[in-house]
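Heads up: the sequence shown runs through residues 54 to 186, numbered per our numbering.
We put the CB at the ideal spot given by N, CA and C, even for glycine.
It should be emphasised that the depicted structure is a prediction, and the values quoted were computed from it without experimental measurement.
Structure first, then comments.
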Amino acid sequence: MNNFTPVAALIGGSLIGLGTLLLLATLGRIAGISGIASLALFQRDGRSWRLAFVAGLLLGPILVGLVINDFSFSTPDLNSRTLVAGLLVGLGTAWGSGCTSGHGICGIGRFSPRSIAATLMFMATGVVVASFF
Numbered sequence: 054m055n056n057f058t059p060v061a062a063l064i065g066g067s068l069i070g071l072g073t074l075l076l077l078a079t080l081g082r083i084a085g086i087s088g089i090a091s092l093a094l095f096q097r098d099g100r101s102w103r104l105a106f107v108a109g110l111l112l113g114p115i116l117v118g119l120v121i122n123d124f125s126f127s128t129p130d131l132n133s134r135t136l137v138a139g140l141l142v143g144l145g146t147a148w149g150s151g152c153t154s155g156h157g158i159c160g161i162g163r164f165s166p167r168s169i170a171a172t173l174m175f176m177a178t179g180v181v182v183a184s185f186f
């Protein structure tokens, strides 16, 4: 799957929406990936569903790649820019009270003004940073 295809994007987006809806409907939880991952590591209460959620995120693409016989794995070059970028994402998640998945997917779907503002800020910052780097 080297090229963008609208059908694959539609299917993927629909599955993300369905998973988000199921998590909200069954557990009353928002699918904010950063929060789920950090609480899976550092909080005992509710750890099992969080670990299952993270495992699904990691194993899902691998299984799809194996099923459609188009699986490849590569590791990015790690350098100081990558480290700084990761730290900035972590800080932004903490300062912004959520990540792109929590605000952009779940919050906008619930018409949360805070999430709409946060997502607009994510996008604007992404455009500025991509223009210079």
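Straight across, the Cα-Cα distance linking residue 179 with residue 169 is about 15 Å. Taken through DSSP and simplified to helix, strand or coil, residue 167 comes out as helix. Exposure of residue 69 is indicated by the presence of fewer than 16 other C-beta atoms within 10 angstroms of its C-beta. The residue from 161, 176, 152, 164 with its alpha-carbon nearest to that of residue 87 is 152.
By the Cβ rule, the region 140-148 does not count as touching the region 115-123, because fewer than three pairs are nearer than 8 Å. With a threshold of 16 other beta carbon atoms within 10 Å, residue 172 meets it and is buried.
Look at residue 150 here: in three-state DSSP terms it is coil, with no helix or strand label. At the C-beta level, residue 103 and residue 92 come within 7 Å of one another.
In this structure, residue 84 lies near residue 154, with their beta-carbon atoms less than 7 Å apart.
In this structure, the alpha-carbon of residue 139 lies about 26 Å from that of residue 118. One alpha carbon belongs to residue 162, the other to residue 72, and they sit about 13 Å apart. Straight across, the Cα-Cα distance linking residue 149 with residue 89 is about 15 Å. DSSP, read as helix, strand or coil, puts residue 124 in coil.
Straight through space, the alpha carbons of residue 137 and residue 94 are spaced by roughly 22 Å.
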